[in-house]
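Numbers in the numbering used here are just positions in the sequence shown, counted from 1, shifted up by 150.
Reviewing the structure listed below.
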Amino acid sequence: MTLERQEELALSTTDFIDVLHENVRRMDLVLLSTVPVLLLLVHALPEPVRRGLAFRFRAPTLVTAYTSHFVHLSLEHLLVNLVGYILLAGVCYVLAVLADRRQLFGMAITTYLLAFPLVLSALNLAIPRDAIGYGFSGVNMALLGLLPLLLAEYTEQNLNPAVGVRHAPSLFFSGLVLVSLVALPLTLLSVGLAIAAGFVVLLYASSLRTSHRESPTAASESVLTGSSSGWADQFFIGLIVFLGYLFIGFPLSATVDGAVLNTYAHLLGFCLAFIVHYLVLELGLLDATETADVQR
């Protein structure tokens with residue numbers, strides 16, 4: 151690598167750090183940190199109290215339908231979900247800030263914290279069982295469902311304007327392919343789902359190639375002209391987190407320490423979050439109120 155190229159990469163990385171520092175708001179970080187604090191406070195309650203806040207599928211209540219998502223009965227379970235939240239919320243927040251989608255992120259995480267617990271608990275009643283449900287993983291999976299949208303928006307704003315939210319389903323369906331092959335039993339249904347999701351991915355990949363052919367100057371019009379390590383690194387960090395966390399949310403074994411992971415709730419959170427906010431963006435419901443406040 152030439153000295154000139156090294157200086158160019160160092161300058162672009164510094165630019166990325168400066169822009170990130172200028173646009174991250176301290177109050178946002180304070181608000182995001184309230185979730186781990188709440189989870190820790192709930193875990194500090196006596197175990198009988200925590201069990202009373204869990205969601206009983208045979209005797210559901212509106213209160214436990216909500217509170218159960220903030221309850222953990224073991225320290226290991228709590229730590230896994232805390233690390234997952236910090237990782238997913240942190241990556242989503244950075245992508246949203248640098249893609250000028252702060253409002254989308256704020257609306258999304260508010261929805262996940264206030265509405266999704268009740269929705270996920272209600273949908274869980276579709277599978278009758280004599281068990282209790284608890285844990286924050288359904289909300290974490292909703293953040294994972296938001297990640298493909300933010301990656302697409304970040305790419306359009308900072309790396310390649312030929313990519314847009316219309317291409318986000320390609321990453322979402324790629325995730326479904328992995329889930330079908332990894333988390334579901336090898337049946338005709340799971341194989342069929344993987345093939346169908348894979349076909350959709352190919353359609354979107356073809357659409358992206360068409361966009362490049364129709365706009366041959368897209369790369370040169372990129373905000374960063376393809377020359378920055380920091381900006382591209384952030385994209386790949388988000389991509390790795392997305393693909394890697396799928397294996398945490400949908401592990402090879404659904405049984406951990408004698409407890410059964412509710413992969414059904416995980417899938418619901420992942421899919422609902424993506425679908426809801428994909429429609430919000432495609433219908434332009436935020437276009438009139440979003441402001442270009444990213445300082446570069």
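Beta carbons are placed, not taken as given, at the ideal position from N, Cα and C, and that holds for glycine.
Through-space distance from residue j to residue i, alpha-carbon basis
i: Thr413; j: Phe400; result: 6 angstroms
i: Glu345; j: Leu429; result: It should be pointed out that residue 345 corresponds to Ile in this sequence rather than to Glu. Whole-angstrom Cα-Cα distance: 24 angstroms.
i: Thr375; j: Phe385; result: Reliability fails at Thr375, whose pLDDT of 41 lies under 50, so the model's placement of it is uncertain and the value that follows must be treated cautiously. Rounded to whole angstroms, Thr375 to Phe385 spans 15 angstroms at the Cα level.
i: Phe322; j: Pro298; result: 6 angstroms
i: Phe286; j: Ala265; result: 13 angstroms
i: Ile259; j: Leu293; result: 7 angstroms
i: Arg176; j: Val187; result: 17 angstroms
i: Ser324; j: Leu389; result: 12 angstroms
i: Val199; j: Ser224; result: 13 angstroms
i: Val329; j: Leu396; result: 7 angstroms
i: Arg201; j: Leu195; result: 10 angstroms
i: Gly240; j: Leu275; result: 31 angstroms
i: Leu411; j: Pro278; result: 16 angstroms
i: Leu352; j: Ser320; result: 8 angstroms
i: Ser370; j: Ala318; result: A caution first: Ser370 carries a pLDDT of 43, below 50, which makes its placement in the model unreliable, though a value can still be read off. Roughly 22 angstroms between the two C-alpha positions.
i: Leu431; j: Ser183; result: 27 angstroms
i: Gly419; j: Val174; result: 27 angstroms
i: Asp383; j: Leu273; result: 38 angstroms
i: Ala415; j: Leu263; result: 15 angstroms
i: Val269; j: Leu417; result: 13 angstroms
i: Met257; j: Ala302; result: 18 angstroms
i: Phe424; j: Ile236; result: 19 angstroms
i: Gly234; j: Val315; result: 24 angstroms
i: Leu435; j: Glu197; result: 44 angstroms
i: Val391; j: Gly342; result: 26 angstroms
i: Cys242; j: Gly394; result: 15 angstroms
i: Leu433; j: Val185; result: 30 angstroms
i: Leu112; j: Leu238; result: Here the chain covers residues 151 to 446 and nothing more, so residue 112 does not appear.
Reduced DSSP secondary structure (H/G/I, E/B, other) of residue i
i: Ile236; result: helix
i: Ile282; result: strand
i: Val313; result: coil
Contacts around residue i, its chain only, beta-carbon distance under 7 angstroms, and the 5 residues preceding and following it disregarded
i: Phe205; result: Thr214, Ala215, Ser218, Ser271, Ile282, Gly283, Tyr284
i: Leu402; result: Val332
i: Leu228; result: Leu189, His193, His222
i: Ala246; result: Arg252, Leu254, Phe255, Leu300
i: Cys421; result: Gly295
i: Thr305; result: Val313, Phe385
i: Leu203; result: Thr214, Thr217, Ser218, Val221
Same chain only: Cβ atoms within 8 angstroms of residue i, ignoring 5 sequence neighbours per side
i: Asn231; result: Leu189, His222, Gly285, Phe286, Ser287, Asn290
i: Asp280; result: Phe207, Arg208
i: Val426; result: Thr261
Nonlocal neighbours in the same chain, by C-beta distance under 6 angstroms from residue i, ignoring five residues either side
i: Pro267; result: Tyr216, His219
i: Gly348; result: Val327
- Contact between the stretch 241-259 and the stretch 193-209 (3+ Cβ pairs under 8 angstroms): no
- For the stretch 167-241, list the alpha helix (DSSP H) runs that are entirely contained and at least 4 residues long, ordered along the chain. 176-193, 197-203, 212-217
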